[in-house]
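So the structure is just underneath, and the comments pick up after that.
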Ligand code: SF4
């Protein structure tokens, strides 16, 4: 059975900030099962877009940019939601590009299968595992994300683990506990990202961010 083409909701032709020290294009994969309060890409959350970009057109663009771009980053949405991601990665890798992956790590088995294909991973760890539901708007995901962190650290694939400093976790005790949990996995480099207000179209979970507190 032929693999379904990757569903793409957006594409950045060139960026200097999405793959460390390299010029990259970014493929924004359509669909994400989480509903983070601070999500800045609400149009990428549904599994299907009203205005999808053709994967074949992106491949044509990348073929024409060989030698001008270094890397292609698969971002989202949640790229690992789509089973066709591995095939898409393989196609782009065959053109000679470095492969970057931005993921929330909620499908650890899929991430594990992708790790031999990718050159760099940016993994979002949103909170301690038990604190995911109020942040992400869904009842699960934390245990899976932390399993992905364990797999990624053990893999030796170059990566960055980062956490958005949502107000509910932005206090010294929580930050220390989260970093301690990462250190227990062997991860000693971790970045905090500032929490920017979303553009006003973020998922509504029935309570304001000020009602979420872990301390
Ligand atoms: S993981 Fe959260 S922030 Fe990222 S696309 Fe999904 S809902 Fe948005």
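In the numbering used here, the protein residues as written are 1 to 215. Backbone N, C-alpha and C fix where the C-beta goes; we use that ideal spot for every residue, glycine too.
Secondary structure of residue i, DSSP reduced to three states
i, result
"residue 218", "Since the displayed the chain opens at 1 and closes at 215, residue 218 lies outside it and no answer follows."
"residue 15", "strand"
"residue 34", "coil"
"residue 142", "helix"
"residue 57", "helix"
"residue 113", "helix"
"residue 208", "Confidence at residue 208 is low in this model, with a pLDDT of 47, below 50, so its placement is unreliable and the value that follows should be read with caution. In this structure, residue 208 counts as coil in the three-state DSSP scheme."
"residue 135", "helix"
"residue 69", "strand"
"residue 62", "helix"
Best match in the options for proximity to residue i [C-alpha to C-alpha]
i, options, result
"residue 156", "49, 13, 169 and 118", "118"
"residue 163", "127, 140 and 147", "127"
"residue 178", "69, 130 and 85", "130"
"residue 21", "45, 98 and 50", "98"
"residue 161", "93, 103, 174 and 29", "103"
"residue 13", "27, 169 and 83", "27"
Beta-bridge partners of residue i, as assigned by DSSP
i, result
"residue 160", "122"
"residue 74", "27 and 101"
"residue 8", "29 and 53"
"residue 165", "194"
Residue i beta carbon near ligand 2 (any heavy atom closer than 6 Å)
i, result
"residue 191", "Among the ligands present in this structure, namely ligand 1, ligand 2 is not found."
Neighbour flag for residue i against chain D, beta carbons, 7 Å
i, result
"residue 186", "The chain inventory of the structure shown lacks chain D, comprising one protein chain alone."
Completely contained alpha helix (DSSP H) runs for the region 167-199, where each covers 4 or more residues: 172-184
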